[in-house]
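Participant: Got a structure here, written out as structure tokens. Questions coming.
Number of protein chains: 2
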Amino acid sequence: MISHPAFSTDPWAIREVGFTPDVLAQSESVFALSNGHIGIRGNLDEGEPHGLPGTYLNGVYENRPLPYAEAGYGDPDSGQTVINVTNGKIIRLLVDDEPFDVRYGTLLSHTRDLDMRAGTLRREVRWVSPAGKEILVRSTRLVSLTHRSIVAIRYEVEAIDPVAVVIQSELVANESLPKGNGDPRSSSPVEWALTLEESTSRHSMALMVHRTLSSGLLVGAAMDHEIDGPDGCRSESEAVGDVARVTVVTHLEAGQKVRLVKLISYGWSGVRSRPAVHDQVVAALAGARQAGWDGLVSSQRAFLDGYWSGADIEVEGDPQVQQAVRFGLFHIIQASARGEQRPVPAKGLTGPGYDGHTFWDSETYVLPVLTYTYPLAARDALLWRASTLPIAEQRAQKLGLRGAAFPWRTIDGKESSGYWPAGTAAFHINADIADAVIRYLDATGDPTFEAETALPLLVGTARLWRSLGQHDIDGNFRIDGVTGPDEYSAIADNNVYTNLMAQRNLRAGAEVASQHHRAAESLRVSSEETASWRDAADTVVIPYDDRLGVHAQSEGFTDHAPWDFEATPSEHYPLMLHYPYFDLYRKQVCKQVDLVLAMVICGESFTADEKTRNFDYYEAVTVRDSSLSASMQAVMAAEVGHLDLAHDYLGEACLIDLRDLEHNTSDGLHLASLAGAWTALVTGFGGLRAANGIMHFSPRLPSGITSLRFKLRYRGSRIGVDITSTKAVYRLLEGSALRIGHHGELIDMAETPVERAIPPLGRRPRPRQPAGREPAPHHTRIGPKPVGGRRGPTG
Amino acid sequence: MISHPAFSTDPWAIREVGFTPDVLAQSESVFALSNGHIGIRGNLDEGEPHGLPGTYLNGVYENRPLPYAEAGYGDPDSGQTVINVTNGKIIRLLVDDEPFDVRYGTLLSHTRDLDMRAGTLRREVRWVSPAGKEILVRSTRLVSLTHRSIVAIRYEVEAIDPVAVVIQSELVANESLPKGNGDPRSSSPVEWALTLEESTSRHSMALMVHRTLSSGLLVGAAMDHEIDGPDGCRSESEAVGDVARVTVVTHLEAGQKVRLVKLISYGWSGVRSRPAVHDQVVAALAGARQAGWDGLVSSQRAFLDGYWSGADIEVEGDPQVQQAVRFGLFHIIQASARGEQRPVPAKGLTGPGYDGHTFWDSETYVLPVLTYTYPLAARDALLWRASTLPIAEQRAQKLGLRGAAFPWRTIDGKESSGYWPAGTAAFHINADIADAVIRYLDATGDPTFEAETALPLLVGTARLWRSLGQHDIDGNFRIDGVTGPDEYSAIADNNVYTNLMAQRNLRAGAEVASQHHRAAESLRVSSEETASWRDAADTVVIPYDDRLGVHAQSEGFTDHAPWDFEATPSEHYPLMLHYPYFDLYRKQVCKQVDLVLAMVICGESFTADEKTRNFDYYEAVTVRDSSLSASMQAVMAAEVGHLDLAHDYLGEACLIDLRDLEHNTSDGLHLASLAGAWTALVTGFGGLRAANGIMHFSPRLPSGITSLRFKLRYRGSRIGVDITSTKAVYRLLEGSALRIGHHGELIDMAETPVERAIPPLGRRPRPRQPAGREPAPHHTRIGPKPVGGRRGPTG
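Chains as they are written, first to last, in the working numbering: chain A, 127 to 921; chain B, 127 to 921.
Here it is in structure tokens:
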């Protein structure tokens, strides 16, 4: 992508100059617009050619059966998959009876521009029809961050030669989709997912309501148009079956223009009636008409200005990372801004990959970024989790456990994982949710959230851990037979990450329950119960291999056979597509960080020496077949002093989609990895660790970055951190005074900026990675490197 | 069944007096006849009513897809399932235009008799038609143990009142089958499995050839008849579609009879042409005609006389066990006598349960019995395994391993298991095959087999183990991430059973390779390779828990949480139908013997004290949700001195089908459990352990058995052992002198019987089983006890 000559490196935009059919599907993901409620892929206005047409509504899914050759008790028999809803972004154009299609005629120029400050995708095309008529088409589209249900497109045709023009602006349901490719990481496309309930048109407006067959959801889409053309410009509308159309017919002299502002509104419901959904989309259109195109554009920019004021990162010395980290932050806010108690899927609403499911990525990779940059969205996502508590409690009961067992992958809260060793067994997701709650509480001190949302979430998950673990005869609290983050291991005893996160979960549950003891009582929490949580947390088993002087990821891990990396050809990555799980699980090979992630999130449980030794040890066995790895390796590499290695990992994490490093950007963006760019910069090079109301920084830059400036929100204040190789300057930009830490020194920050020197660091030998799996320095890399998938069939 | 008043306890027969529609399907399994090549369920001659019609040919299967919600590399995408082939046993009868059907008219008497010495199923029915005409029907059927392709039925109608009689003797393909019940242990019925290729009739003969759709096998069936009736008796034949029919029409005066001898031949092939299969079944019919009914009956008895002379067991004091153990031995020889390089399925050819697959049951439960009673059949079954070596080598390669990886469940040698943690990961099956080879070699000294069959099997499996295990940094040989026999545990490190069996396999591979070094060279076995096998065997890890003084079934097992048996209601057994594998795998609960099986088969690796402590420990956590457990618990209980407990386990093992203890005898018999009755008596109370050309006995009887006499074949000789509570007498019945052991004393046995006293035994407290899972003393038990399934979806 960026390495493709059509793409330039711009600090605030992604710009494609020329049309690039070979990366069409990828560009549709990169140019996707979303507000967390609606997502539209960057398909061309005229609909074709396309890689994969896509319009998604957060929470709209269809059920699909999950078959088993040999089923077991508790295996879910159906799962959810995101569906492509009514496409409202299609605007077809006929030029003197010739359809405007970039594959025919002559394309004089074609430019697309994702503007990350404006929140719009602009396109400009200069085209000569096969009959020799030249036109200029300019379109700008946005998915409104302020009007949750609204997509708006400004579409303008300028005649260079005199031409007759017909514009067909459409709503199209049940578009035919490319077949699935069999890759377990892609989606299972559902064709003809929508059953027509209503289809109507009047003047410049049209509306459709459909119902999903099995999940029984109503989906409404409506459009209205403001048409501005020369005299004699006529329009009409029709709605037939799955297509509704507003047609504009005009003749343009050379230099004349016809302009269309298309407003599209979406609404859906699992409970409301068809008339209610009808009215909802009509009302949303009315609101958008009231704001008008200019109003939508300016409120879009105002929203983003506010976001960037607390989220922006400036990276000097590495323009590719500069662009990529803003690209990541832009898509993070797009995926979450208006989620409003809906999940953040692994690919946001940019594509159907992983069936549109949300995983632990949301809490562990995406929410930390939002917590410190746009905490409202983090809150919303956690409110969604809380809303699924009853389902999680039922699941726990089904599994013979207490409390709440959240799903490994889901859209609506029900478990959609069809392979339990990497689904149900990956209980760490429950502690990941608790951790996101704890982080959000620390960063905001939000008292309503603590009592109403944090308490039941922490109690439900603490109860789960207490019933999942048990004391052995020596009084140690063990959690056996679970799967940690590393998906090349499964069903092991005492996974360090899981146990430390459970420890944190149990302690936080006890603490919040005792702070809100009345509310806790209504959840039937007794002080005996919280005492048993504290005791379990205090005695949790952490396997350590004395012979090697490193922690074992899980019990027995360091006794297992090393993977034979020398004998593994590069085309055998990702390994899970070339070796059986049986073999991966029993050997020392990590798909992704696991023990290293424990050291990042639960750093207080490891000494500096342990971190150094563990990091070196696990670097040698981690292949990064998951997109969840590089960013966290960057953080720990930075902490233990491998700054240039951290920089390489940062590059891999943030360029994953702009360079299509995993060859599946076409299915949607890798949000967790994009979020990881922020994490690598802020918690890696910035050294941010926050707890108990204090943000600690231990900044240190790699040689390739000359200065790093970022902004954060914490406890209602907004601060700015400017880092160079020798010093750091901390500024309070907004809000009340804060106490912060700098390399261990506590500093009270008020209005005056505080400057501190960065202590020097001794050089350490760079640790070794498995043969052929070293992160390539990104600024020298040309084409996509043959890296494999983010996860296996487990998601 | 036996507890049903219709069934009597007869030492040499299973007799049903009266018709028992409530246990019809079960009786069809119990009364099934087979020779290991053909199997016919005990359906009524007239075809209806039936529980489940069934005619099976060993090796005839159809493919079926194995679906996965989330597939992994190496998961087989299709499996095999046994199909119901052309039914040749149907003989319909019309009495004065009324169909003979036991559900109508008046059934004056109905008797069925499985004669285990004659090898026949006899039936006698006295019936009055709705119109008041009385007849007497006598039928005798056999599946010939000497004519491999032949089923014969003698069918006689005697008129008590004068009647017009029409007999329709049929071949019927594609019978409609009852729907599957969803129990993972049953089969997936394939309807319309057969496509007609040829159907023809002439005189008293008819023939059909069909082809299976996906597996592409040709199945031929032919029938011919000898008709003996009064003057005026006429017959005609026809063949239309999937039905061929010979019709006999006659009038009988009171006391007159019409008699039919129906000969049916079967043949099938995956390679030969339709004409060749046609000719094959016609030729087999000619051979059977030559022998005639009387010839078939007498050769059947002669065959069985020979079998019983080396296999019979007499049990005094327990008539139910007496009957049941002969029932088991009868079905064992029926399942294997004429297998001739086909597998012994878990249910023989008595029903479609487990899709007709063979498992490790064959080598570990059935072949030991055959090895000492009818070694030719053991040899045949092992030759079948050897014939699948190329498939097993491909599978090993697919899994990234060396040597041969045999399938967990299969019909034709290809892996048909759709749940890898209890399929592919259960590598012990390879050592089980090696162990059966070693036992067969020890018992026969068969030199051709050793060089031609044992060598490649032992080399292939030894290579597998060498590549599956690895030395840790202390030089111990570990086998990680595998599943042992206990199916309530999976993917664990250093399973004791697996490691000890692998040790034996590696040593035997090295030994046989050095004895046949030239042949071994042609398999590219070097002395470096065999040395590495010996070294691995010598350093194999055997986990032991010092704190508890017991072996851990696998590493970590004894640290796991105990299962909460008190909180488990009896209707929650079998546990795998009520709890997720996740939970079962991580707790101390055994579906079946695992460590105890290691102590039975590899007794030399444990001290007497260890056996006692281990047995007590694992008794407390073993729930016997598998039919593979009770017999081996009986053996170890007897060895450590719990003789009455052993007797209870013996009762459970041998009465499994006669009492339908697992509620699925309708799907076919549990051959491994039936074989286990022999094992419990001979290796349990007889104390037989054989190795290095010597049979060691340590006989001791429980209080409920006053004397036990059994016969065995070993090294070409035949011996008899008579045991009472105080002494044992050993007799050489045939062949050359043998050295045997009696309670540790070595004795050279020649013509004179040898008598030895049985040393007294101190009393020990009876170990405890999980609450509610104690074996009930079988002589006091009335109805079926609520025991669960033999295995989970894994088979």
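Using N, Cα and C, we set each Cβ at its ideal position, and we do this for glycine too.
#1: Starting from the Cα of V715 of chain A, find the closest Cα among A:H351, A:G454, A:P611 and give me that residue.
#2: Between A:V316, A:T550, A:L475, A:A380, which has its C-alpha nearest Q206 of chain A's C-alpha?
#3: Which residue wins for smallest C-alpha separation from A588 of chain A, given the options A:A569, A:A662, A:V335, A:P573?
#4: Compute the Euclidean distance between the alpha carbons of D171 of chain A and H483 of chain A, then round it to the nearest angstrom.
#5: Does Q596 of chain A get closer than 8 angstroms to chain B when you measure Cβ to Cβ?
#6: Do the CB positions of S153 of chain B and G168 of chain B come within less than 8 angstroms of each other?
#7: Once DSSP output is grouped into helix, strand and coil, what is the label at A139 of chain A?
#8: If I measure Cβ to Cβ from T232 of chain B and keep anything under 8 angstroms in the same chain, skipping five residues before and after, which residues do I get?
#9: Using a Cβ-Cβ cutoff of less than 7 angstroms, which residues in the same chain neighbour A139 of chain A once the five nearest sequence positions on both sides are dropped?
#10: Which residue spans inside the segment 567-598 of chain B form an unbroken alpha helix (DSSP H) run of at least 4?
#11: Between P891 of chain B and M758 of chain B, what straight-line distance do the alpha-carbon atoms span, to the nearest angstrom?
#12: In chain order, which continuous runs of the alpha helix (DSSP H) of length 4 or greater are located wholly inside the segment 746-809 of chain B?
#13: In this structure, how does DSSP classify G144 of chain B when only helix, strand and coil are distinguished?
#14: Out of curiosity, what's the CA-to-CA distance linking Q596 of chain A and S658 of chain A?
#15: Over what stretch of residues does the alpha helix (DSSP H) that includes K524 of chain B continue unbroken?
#16: Quick check: the Cα distance between A863 of chain A and M875 of chain A, rounded to an integer number of angstroms?
#17: From V726 of chain B to A693 of chain B, what does the alpha carbon distance come to, in whole angstroms?
#18: Anything in chain A within Cβ reach of L525 of chain B, meaning under 9 angstroms, just list it in chain order.
#19: Terminal residues of the continuous alpha helix (DSSP H) containing S424 of chain A?
#20: Any chance the segment 189-209 of chain A sits against the segment 195-210 of chain B, with 3 or more Cβ pairs inside 8 angstroms?
#21: Excluding sequence positions up to five away, which residues of its chain have a Cβ less than 8 angstroms from the Cβ of S302 of chain A?
#22: When burial is assigned at 16 or more other CB atoms within 10 Å of the CB, is P516 of chain B buried or exposed?
#23: State the start and end residues of the unbroken beta strand (DSSP E) segment that holds Q294 of chain A.
#24: What residues match up with T232 of chain B in a beta bridge as DSSP calls it?
#25: Thinking C-alpha only, which one of B:D487, B:V269, B:V143 is nearest V423 of chain B?
#26: For Y707 of chain A, which option in B:G767, B:V251, B:L183, B:K524 has the closest C-alpha, if you only look at C-alpha atoms?
#27: Between H686 of chain B and chain A, is there a C-beta pair that is closer than 8 angstroms?
#28: Determine the direct distance from the alpha carbon of N300 of chain B to that of L590 of chain B, and round the result to whole angstroms.
#29: Closest to V228 of chain A by C-alpha separation, out of A:V263, A:A531, A:G539, would be which residue?
#30: Whole angstroms are fine: how far does the CA of E364 of chain A sit from the CA of R328 of chain A?
#31: Does N743 of chain B get closer than 8 angstroms to chain A when you measure Cβ to Cβ?
#32: Is it the case that the Cβ atoms of V186 of chain A and I164 of chain A are separated by a distance below 8 angstroms?
#33: Would you kindly report the start and end of the unbroken alpha helix (DSSP H) that includes F823 of chain B?
#34: Does any residue of chain A bring its CB to less than 8 angstroms from the CB of G870 of chain B?
#35: Per DSSP, C728 of chain A forms a beta bridge with which residues?
#36: Just to confirm before moving on: does the CB-CB distance between I537 of chain B and P445 of chain B stay below 8 angstroms?
Facilitator: Let me spell this out:
#1: The option with the nearest alpha carbon to V715 of chain A is A:P611.
#2: Taking only the C-alpha atoms, the option nearest Q206 of chain A is A:V316.
#3: Of all alpha-carbon atoms in A:A569, A:A662, A:V335, A:P573, the one lying nearest the alpha-carbon of A588 of chain A is that of A:A662.
#4: Approximately 27 angstroms between the Cα atoms of the pair.
#5: Yes, contact with chain B.
#6: With respect to the 8 angstroms criterion, S153 of chain B and G168 of chain B are classified as neighbours on the basis of their beta carbons.
#7: In the structure shown, A139 of chain A sits in a strand (DSSP, three-state: E or B).
#8: Closer than 8 angstroms at the Cβ level, and outside the excluded window around T232 of chain B, lie W253, V254.
#9: Closer than 7 angstroms at Cβ, skipping near neighbours: D239, L240, D241, M242.
#10: Here the runs fully enclosed are 581-594.
#11: Going by the C-alpha atoms only, they are around 20 angstroms apart.
#12: If you keep only unbroken alpha helix (DSSP H) runs of at least 4 residues inside the segment 746-809 of chain B, you get 756-765, 769-780, 797-805.
#13: Correct three-state label for G144 of chain B: coil.
#14: The straight-line gap from Cα to Cα measures roughly 11 angstroms.
#15: Its alpha helix (DSSP H) spans residues 515-524.
#16: Computed Cα separation, rounded: 6 angstroms.
#17: Rounded to the nearest whole angstrom, the C-alpha separation of V726 of chain B and A693 of chain B is 31 angstroms.
#18: What L525 of chain B touches in chain A: Y705, P706, F708, D709.
#19: Looking at the DSSP string, the run of the alpha helix (DSSP H) that includes S424 of chain A is 400-437.
#20: Proximity of the segment 189-209 of chain A to the segment 195-210 of chain B meets the contact definition, three or more beta-carbon pairs being nearer than 8 angstroms.
#21: If you ignore the 5 residues before and after S302 of chain A, its C-beta comes within less than 8 angstroms of the C-beta of E317, all in its own chain and listed in chain order.
#22: Exposed is the call here.
#23: Taken as a continuous stretch (DSSP letters only), the beta strand (DSSP E) holding Q294 of chain A covers 289-298.
#24: Beta-bridge pairing links T232 of chain B to B:V254.
#25: The shortest C-alpha separation from V423 of chain B is found at B:V269.
#26: Of the candidates B:G767, B:V251, B:L183, B:K524, the one whose C-alpha sits nearest the C-alpha of Y707 of chain A is B:K524.
#27: Interface flag for H686 of chain B against chain A is set, since a Cβ pair is found closer than 8 angstroms.
#28: Rounded to whole angstroms, L590 of chain B to N300 of chain B spans 42 angstroms at the Cα level.
#29: When only C-alpha atoms are compared, the closest one is A:V263.
#30: A direct Cα-to-Cα measurement between R328 of chain A and E364 of chain A gives close to 7 angstroms.
#31: Note on residue identity: the sequence assigns Tyr, not Asn, to residue 743 of chain B. Interface with chain A (8 angstroms Cβ-Cβ cutoff): Y743 of chain B is excluded.
#32: No.
#33: DSSP places F823 of chain B in no alpha helix (DSSP H) but in the uninterrupted beta strand (DSSP E) bounded by 820-823.
#34: Not one chain A Cβ lies under 8 angstroms of G870 of chain B.
#35: BP columns for C728 of chain A are empty, so no partner.
#36: At a Cβ-Cβ threshold of 8 angstroms, I537 of chain B and P445 of chain B do not count as neighbours.
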